[in-house]
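Q:
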Ligand SMILES: C[S@@+](CC[C@H](N)C(=O)[O-])C[C@H]1O[C@@H](n2cnc3c(N)ncnc32)[C@H](O)[C@@H]1O
């Protein structure tokens, strides 16, 4: 694949080391100041990603093309955001992919919206609901920056009152009272559609799980993802001393049309019973043969 050149208007990740990265927009005639000297952006425009650039103090920085995690972590925040470790699992459990239609609420900073839009792509759509207009405006800016805004429809409103969409593939919740939204998610989802809810506390998880059970959702599971980074150096490789202790729990479930009615088991006719037992006998024979061989 041909290397891509940096164009005016692009966002570029300026990398010094893993802890010092800066995402900046390329604007002709501008300079970017750091404690290691300033960079002239004119010198970056037209270069290939990955090329080094020297600051006014002679320190080398590297230019990188921002990846999805960079857009999430460098988003301009006015709420707590969904971190990449949780966003990755939310995307995986939701079953979404190119062309999926997904409802999300609340939008917040739009970090999770960015991840969802990235995966549904131009053939899909993320309908993201938010109560507060100032958060929505900020999220829209973040989505413009990642060039994913076209795959997103930003909606205002209180989702405890319901959703407008129907037959969506997935509903993703990250708000204070997800259990109040479960009946509306049920209405919006297609049969077998998937709901994923992210909550920081166990109390929220319990209420949400109860609401899922009462509203014809099955295959309900809650998990917590703890990520531990490693510091890698020959002879000294070990987990890093500090880690994020807690972000939240992920609960996911699937919509069914009716609760399954379990029929009372009846004694099988004699012949059938014999037929069912045959494979077990076979299995026992295999074990015996193994013992005999030993
Ligand atoms: C924790 S933030 C979501 C952060 C988001 N996942 C992200 O990665 O940026 C929760 C958001 O839900 C919004 N919210 C809370 N209750 C809501 C409701 N009933 N309807 C719509 N939005 C709601 C809040 O205003 C807030 O912006």
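Numbering (my numbering), first residue to last: 14 to 307. C-beta atoms are modelled at their ideal positions from N, C-alpha and C, and glycine is treated no differently.
Taking its Cβ as the centre, do 16 or more other Cβ atoms sit within 10 Å of residue 141, making it buried, or is it exposed?
A: Buried is the call here.
Q: Beta strand (DSSP E) containing residue 202: first to last residue?
A: Taken as a continuous stretch (DSSP letters only), the beta strand (DSSP E) holding residue 202 covers 202-212.
Q: At a cut of 8 Å, does the stretch 225-241 reach the stretch 265-273 through at least three beta carbon pairs?
A: Verdict: yes, contact present.
Q: With a threshold of 8 Å, establish whether the CB of residue 54 neighbours any heavy atom of ligand 1.
A: No, ligand 1 has no heavy atom inside 8 Å of this Cβ.
Q: What three-state label does DSSP hand residue 111 in the structure shown?
A: Looking at residue 111 - three-state DSSP - the assignment turns out to be coil, as it is neither helix nor strand.
Q: Quick test of the definition: if touching needs 3 or more C-beta pairs under 8 Å, does the stretch 53-63 touch the stretch 112-122?
A: Judged by Cβ distances under 8 Å, the stretch 53-63 makes no contact with the stretch 112-122, as fewer than three pairs qualify.
Q: For residue 172, which of 197, 18, 255 and 236 has the nearest alpha-carbon?
A: Residue 197 is the option with its Cα nearest to residue 172.
Q: Report the option in 100, 243, 231 and 229 whose CA atom is closest to the CA atom of residue 237.
A: It is 100.
Q: So the candidates are 51, 84, 247 and 161; which of them puts its Cα closest to the Cα of residue 73?
A: Looking at the Cα atoms, 51 is the closest of the given residues.
Q: Within 10 angstroms of the Cβ of residue 39, are there 16 or more other Cβ atoms? Answer buried if so, exposed if not.
A: With 16 or more other Cβ atoms within 10 Å, it is buried.
Q: In whole angstroms, what is the alpha-carbon distance linking residue 17 and residue 28?
A: Answer to the nearest angstrom: the Cα atoms are 17 Å apart.
Q: Can you give me the C-alpha to C-alpha distance between residue 88 and residue 94, rounded to a whole angstrom?
A: Approximately 9 Å, taken between the alpha carbons.
Q: Pair every Cβ in the stretch 176-195 with every Cβ in the stretch 236-252, then say whether three or more of these pairs are closer than 8 Å.
A: Contact fails: fewer than three Cβ-Cβ distances are below 8 Å.
Q: Looking only at its chain, what residues have a beta carbon closer than 6 Å to the beta carbon of residue 295, apart from the 5 residues adjacent to it on each side?
A: Residue placement at residue 295 is poorly supported in this model, since its pLDDT is 48, which falls under 50; the coordinates are not used for a value here.
Q: So, with DSSP's three-state summary, where would you put residue 274?
A: DSSP places residue 274 in coil when its eight states are reduced to three.
Q: In terms of residues, what are the limits of the beta strand (DSSP E) holding residue 169?
A: 165-169 is the span of the beta strand (DSSP E), which, as asked, contains residue 169.
Q: So, helix, strand or coil for residue 150, using DSSP?
A: The answer is helix: DSSP assigns residue 150 an H, G or I state.
Q: According to DSSP, is residue 196 helix, strand or coil?
A: Residue state, collapsed to three classes: helix.
Q: What is the C-beta distance between residue 139 and residue 176, in whole angstroms, given that I count them as a contact (C-beta under 8 Å)?
A: Between residue 176 and residue 139 the Cβ distance is about 13 Å, and since that is not below 8 Å, they are no contact.
Q: How is residue 104 classed by DSSP in three states: helix, strand or coil?
A: Correct three-state label for residue 104: helix.
Q: Around the Cβ of residue 64, are there at least 16 other Cβ atoms within 10 angstroms (buried) or fewer (exposed)?
A: Its Cβ having fewer than 16 others within 10 Å, residue 64 is exposed.
Q: Closer than 8 Å to a non-hydrogen atom of ligand 1 - does that hold for the CB of residue 95?
A: Flag set: Cβ of residue 95 near ligand 1.
Q: So does residue 145 have its beta carbon nearer than 8 Å to some heavy atom of ligand 1?
A: It does: the Cβ of residue 145 is within 8 Å (strictly closer) of some heavy atom of ligand 1.
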